[in-house]
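Using this note's numbering, you'd call the opening residue of the sequence shown number 7 and step up by one each time.
Ideal placement from N, C-alpha and C gives every residue a C-beta, glycine not left out.
Nothing here was measured: the structure is a model prediction, and the numbers come from that model.
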Amino acid sequence: MEKSLYFRNSYADLGTVFTDKNRKICIITDDNVRPLYLDAVKKSLGNVPVFTIIAGENSKNLATLEAIYRFFMEIKLDRNSIVFALGGGVVGDLAGFAAATFMRGIDYVQLPTTLIAQVDSGIGGKTAVNLGNIKNIVGAFHQPKWIYINISTLNTLPRREFISGMGEVVKHALISTYNDYFGYLHKNYQAINRLDYDCMLHVVETSCRIKRKIVENDEKETIGLRTILNFGHCVGHALESLSNYTLTHGVCVAIGMYAALKMSSIAESEIDDIISLFNKFELPHKLEGYAAEEILSFMYKDKKTLNDSLRVVLLEKIGSPYVENLDEKLILEKIRGITDE
7 MEKSLYFRNS YADLGTVFTD KNRKICIITD DNVRPLYLDA VKKSLGNVPV FTIIAGENSK
67 NLATLEAIYR FFMEIKLDRN SIVFALGGGV VGDLAGFAAA TFMRGIDYVQ LPTTLIAQVD
127 SGIGGKTAVN LGNIKNIVGA FHQPKWIYIN ISTLNTLPRR EFISGMGEVV KHALISTYND
187 YFGYLHKNYQ AINRLDYDCM LHVVETSCRI KRKIVENDEK ETIGLRTILN FGHCVGHALE
247 SLSNYTLTHG VCVAIGMYAA LKMSSIAESE IDDIISLFNK FELPHKLEGY AAEEILSFMY
307 KDKKTLNDSL RVVLLEKIGS PYVENLDEKL ILEKIRGITD E
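Structural data, given as structure tokens:
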């Protein structure tokens, strides 16, 4: 694994990894993570300025972003400064986008504390904020200088957030054949569910390897390869927006993956194996209370559309994703299969 990606079980050597001692730094975190891990991080980095946001997706907006910019100016960050993002996906996205755009771009470091950030949102350099209830519509590509993953932070993760993270883990196992990841998850699900350290290290590292290889070959989604990481996201983002983010990202992605599977050429026997894996991690594949037409309407607001056409990532078989522009009637029919209609 590249030197810029570190896997640890504490923050003890964070100050040793960070060698740029003459650069101004600050930390962005949230009010859930702050009491759990800020002291340990500051013990390694020193008594540096901290900006704390309210935890949750509803903070990922332009108002919070402006407050962060003003904080940067107040503490007199310059173009040589570094921002440390200590938290989950919301903190990482906000801090990363702020760093990408402040003074036309300064460095930042990811310190992801949730499973979904460690396996997905903290990797790849996509940064963004929401506009109203449209997810990640304003953003930039900005790669972190390095990523420091403390696996032990998963021990304080609420079960709901662990399940959400497993949605992205399962996605990686479905779009790649690397190391028989799908088989590993099936075989070791009990140890993963109890957060066995060795298993979680394997899960996080494997997901990082899968995503990083894809991103390195198509960083800005210009040749289409990186698009496969959006498996389940077209429907998933629509569900997140419709629920006003009361549904977690990974759960929405799981439901979106099931909808995509029903649109795919994959064999029904493989779909059954996939649903079996969903069940092992308490991931749903259907959802009540949402109208298919409303979901479709929000899908058109997503940034994955091209020339008003819906591009959906599908599976030929486990490990073989493909992208296809689908007829709206087919999409609507399959979305009805995930709702109570």
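- In the DSSP assignment, VAL176 falls outside any beta strand (DSSP E) and lies within the alpha helix (DSSP H) extending over 165-181.
- Secondary structure of THR119 (DSSP, three-state): coil.
- Contact between LEU180 and MET263 holds, with the beta-carbon distance rounding to 7 Å and staying under 8 Å.
- Comparing C-alpha distances from ILE33 to each of ILE344, VAL56, LEU253, GLY111 shows the shortest one belongs to VAL56.
- Here DSSP, grouped into helix, strand and coil, assigns THR133 to strand.
- Contact between LEU245 and LEU316 is ruled out by a C-beta separation of about 15 Å, above the 8 Å threshold.
- Taking each of VAL135, ILE112, VAL23, PRO118 in turn and checking the Cα distance to SER65, the smallest one comes out for VAL135.
- Within the same chain, ILE181, VAL319, PRO327 come within 6 Å of ILE234 by CB-CB distance, once the 5 residues on both sides are set aside.
- Membership of PRO327 in the beta strand (DSSP E) is indicated by the continuous run 326-331.
- For the stretch 40-116, the continuous alpha helix (DSSP H) assignments of 4+ residues that do not extend past its boundaries occur at 40-51, 68-80, 95-107, in sequence order.
- For TYR187, the uninterrupted alpha helix (DSSP H) run begins and ends at 187-193, by DSSP.
- Annotation for TYR203: the continuous alpha helix (DSSP H) segment containing it runs 203-223.
- The count of Cβ pairs closer than 8 Å, one atom from the stretch 122-138 and one from the stretch 164-177, reaches three, so the stretches are in contact.
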